[in-house]
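One structure is given here, and the rest of the page talks about it.
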Amino acid sequence: MLNRSEKKAVMPQQDPQTRSGNFREVALGYDEASAMEEAARCLQCRHKPCMNGCPVHVQIPEFIGLVAAGEFAAAYEIITATNRLPAICGRVCPQETQCEALCVRGKKGEPVAIGRLERFVADWAMKNTPPQPKPRPSNGRKVAVVGSGPAGLACAGDLAGLGYQVTIFEAFHTPGGVLMYGIPEFRLPKALVQAEIEQLKQQGVEIQTNMVIGKVYDVDELIEMGYEAVFLGTGAGLPMFLNIPGENLNGVYSANEFLTRINLMKAYCFPDCDTPVRVGRHVAVIGGGNVAMDAARSALRLGAEDVSIVYRRSADELPARAEEVEHAREEGINFRLLRNPTRIIGDEKGWVTGLECLEMKLGEPDASGRRRPVPVPGSETVLPMETVIIAIGQSPNPLIRNATPDLETQSWGGIVADDETMATSKEGVFAGGDIVTGAATVILAMGAGKKAAAAMDAWLQGHPLDQTHPAVVFGTRKVEL
Amino acid sequence: MFDIVKRQQLNQAVVLMEISAPPIARKAQPGQFIILRVNDEGERIPLTIAHFDRDRGTVTIVFQVVGKTTQVLSELKEGDQILDFVGPLGTASHLEGYRRVAVIGGGLGSAIAWPQACKLHQMGAHVDMIVGFRNKDLIILEDEMRQCCDQLIIATDDGSNGNQGFVTDMLKRQIGQGADYDLVIAIGPLIMMKFVSELTRPYKIKTIVSLNPIMVDGTGMCGGCRVTVGGETKFACVDGPDFDGHLVDFDEAMRRQLMYKDAEAASQEEHRCRLTGEIRHA
């Protein structure tokens, strides 16, 4: 029976006051009854508009129909047929601009809570069905995946499913990429990421940590070692800075460093763990994206007295997911909008004491369609700060590019890859995720990893890849992307 | 896991360890570094590669006990294992084309300067090694260094080895006596590298220093190791660790080195056994 409610079933959350003092997950997930209630809101549209919004083409109406019927194990099978990391995607995908944006129920009222349902199904399966090792019969052919973030994991999972012997090379000591070092525990529990990675291992994927490709081996050496194809998913790891005076003062962090110290290196348990982080009492986070929200909310949880997001445009232009902004506001993060940092001020010993900002007003729309911030002359003010975290974006890591001269790259450092096949200018080498697009989302990187896996399979089976005519790429063989 | 195949106490605070890591040994070059993590709660620390043996598949590190991590590391024995060992990181030193070189090491820095001297010596340059220690009991790797240079000058702060002075005094004397260096390499404490660079600046002798700032990943990801060189921000982990000493902002680098001083002292105290004085593992 259709649930005609115009609102999503409510998902319980930790109370803002309580959660701003702990790193436990904020959103607590549906129980079986509320999942079935929410699933009953789905109209089961025959043309499935929601699926067009999903970069990995999860069969959304099918799995939601099964949830409504209480057949959670079957729903899990449907989701994992195209998405091997549902517990992660259910939590961090920007559903409001993807699947849920296209949901017919959203035209009058709220769309079906597709993300929450995906999360529910994944969590249910993890709790109720012990992971079943399903190693496919190996075809004996070796492929290498560089980087174990979302793109690499998705690519490795699909290739293993096709029977390839996949080795992932990860630079850090723990696999997961941004899922481990970047996204905080309160948004994506690390045990859950490791559980999803464990599933991949059980399918036969080998993961070698502490391997910086471009240093210990280069791409040509991987090929010499017998890897017949290589996927590069090394992400956008290089932090950008503002290039304003004072950026090298003590107390200035890139968001990458601040979050890596906390998430991957567990600085929150210092001195039981050895990696320190200096949070300070007054913290400014510069930037308005998800990473900025993550850094601000982490600083708050580590005891900062006040934490401000400093962003040069207005609330309407904040690039972070609406839900993250909402959570940050509830927890008491200050939003100092329409302010552009001009200088970081320090004391004689080189420690941060303040952040000077210029007020901005919104002018005419710029190339991105957003109204351009224009400085208000003479409006400089100094906010007293002890810590300044720069979260204005990341650019591609240059290690592989520098070690692989025959790899064609963009002027901004990204690797050039075909939109459909993810093939690079180097034969047998494919690339996807942030290393190709610049910093984007987990799910887009996963989508690219999956596309690459399909194309790598086609190429390894002898079908030519024509970069300029992707339509004829796969010859007679139709590849489901 | 990485096996410790050899452990040697070089002086009371400095330890040499040879670690089995064949892929890293195969690729390592003088000037590069590794990052290690001793155990699961451990921090990642960068250490410059002191030596590598491609046949044995080993990488040698030399470190001084300065905090909890190096203390815990120093307590490991031959046959024990290190959890994580990653490299070779950073850009290799450019040592080609020099005729006469002064390779300067301060304390522990001597161990890092040693492979550079060896490589230069092998390549046919005339190499003077000038190394400094606080006193004669702290002198390390004397025989090894002697084999890698044409002249070894050891200075001690207190003169206990019969040659009192700083490395800068020795370098100044050498230059005064007509040593026409076309390259000076200085590796040691920031303050030493700063004064060596100040000394060579008026002589316009190219001076390379090796920086070892605080870092997390060592691959360009955190930006914690940023250093101002010639007015531009560089990442020591990927752009370095070697830089032109005449362009490095040493004062800033020294301030940045103190970022976690209080936290580190607190951590070491927190973990010190009140009975034996040893640092307990996590």
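Protein chains in written order, with the numbering used here: chain A, 32 to 512; chain B, 333 to 614. Glycine included, every Cβ here is placed at the ideal spot set by N, Cα and C.
- Contact between A/Ala483 and A/Phe262 holds, with the beta-carbon distance rounding to 5 Å and staying under 8 Å.
- By the neighbour-count criterion, in which 16 or more other beta carbons inside 10 Å mark a residue as buried, A/Gln75 falls on the exposed side.
- Between A/Ile214 and A/Ala202, the alpha-carbon positions lie close to 18 Å from each other.
- By alpha-carbon distance to A/Ile293, the top candidate from B/Lys593, B/Ile381, B/Cys554 is B/Cys554.
- A/Pro86 sits close to A/Gly478, with the two beta carbons spaced by under 8 Å.
- Less than 8 Å divides the Cβ of A/Met296 from the Cβ of B/Val548.
- The beta carbon of A/Pro220 is closer than 6 Å to those of Glu56 in its chain, skipping five residues each way along the sequence.
- For the segment 138-195 of chain A, the full-length alpha helix (DSSP H) segments reaching 4 residues or more read 145-159, 181-192 along the chain.
- Apart from sequence neighbours up to five positions away, the residues of its chain that approach A/Ala185 with a beta-carbon distance below 6 Å are Met477, Gly480, Lys481, ordered along the chain.
- When the Cα atoms are used, B/Leu579 and B/Gly563 turn out to be separated by approximately 8 Å.
- In terms of beta-carbon proximity, A/Phe200 stays away from the interface with chain B, with every pair separated by 8 Å or more.
- Around the C-beta of A/Asn279, 16 or more other C-beta atoms lie within 10 Å, and the residue is accordingly described as buried.
- Residues are counted here when their Cβ sits less than 9 Å from a Cβ of chain B; for the segment 339-364 of chain A the count is zero.
- If you draw a straight line from the Cα of B/Val397 to the Cα of B/Val346, it is about 7 Å long.
- Less than 8 Å divides the Cβ of B/Ala457 from the Cβ of B/Tyr430.
- Ranked by Cα distance from A/Lys392, the options A/Thr240, A/Ala104, A/Glu93, A/Leu368 are led by A/Leu368.
- Rounded to whole angstroms, the Cβ separation of A/Phe461 and A/Ala182 is 10 Å, and the two are not in contact under 8 Å.
- Identification of chain A residues near B/Glu375 by a Cβ-Cβ cut-off of 7 Å yields Met296, Asp305, Thr306, ordered along the chain.
- With respect to the 8 Å criterion, A/Val177 and A/Tyr195 are not classified as neighbours on the basis of their beta carbons.
- Across the segment 552-563 of chain B, CB contacts with chain A closer than 7 Å involve Gly552, Met553, Cys554, Gly555, Gly556, Arg558, Thr560, in sequence order along the chain.
- With a threshold of 16 other beta carbon atoms within 10 Å, B/Met333 falls short and is exposed.
- In this structure, the beta-carbon distance from B/Val463 to B/Gly491 does not fall below 8 Å.
- For B/Asp514, the closest Cβ of chain A is not nearer than 8 Å.
- When Cβ-Cβ separations below 8 Å define contact, B/Lys536 makes no contact with chain A.
- When Cβ pairs closer than 8 Å are counted between the two stretches, the segment 430-447 of chain A is seen not to touch the segment 235-242 of chain A, the count staying below three.
- At least one beta carbon of chain B lies nearer than 8 Å to the beta carbon of A/Arg292.
- At a cut-off of 8 Å, the C-beta of B/Met349 has no neighbouring C-beta in chain A.
- Think of a sphere of 8 Å around the beta carbon of B/Glu584: the chain A residues whose beta carbon falls inside it are Asn279, Gly381, in chain order.
- B/Asp514 and B/Lys536 have their alpha carbons spaced roughly 9 Å apart.
- Counting along the chain, the unbroken alpha helix (DSSP H) around A/Asn287 starts and ends at 286-294.
- By the criterion of a C-beta distance shorter than 8 Å, A/Gly385 is surrounded in its chain by Ile375, Ile376, Val413, Leu414, Pro415, Met416, once the five residues flanking it on both sides are discounted.
- Neighbours of A/Ser65 in chain B, taken as residues whose beta carbon is under 8 Å from its own, are absent, since the nearest beta carbon is some 38 Å off.
- At least 8 Å separates the beta-carbon of A/Glu127 from that of A/Ile109.
- Straight-line measurement puts the Cα of A/Val419 at about 24 Å from the Cα of B/Ala597.
- Under a criterion of Cβ atoms nearer than 7 Å, the residues of chain A adjacent to B/Asp416 are, in order, His204, Asn241.
- Around B/Asp574, no beta-carbon contact reaches into chain A at under 9 Å, the shortest distance being about 16 Å.
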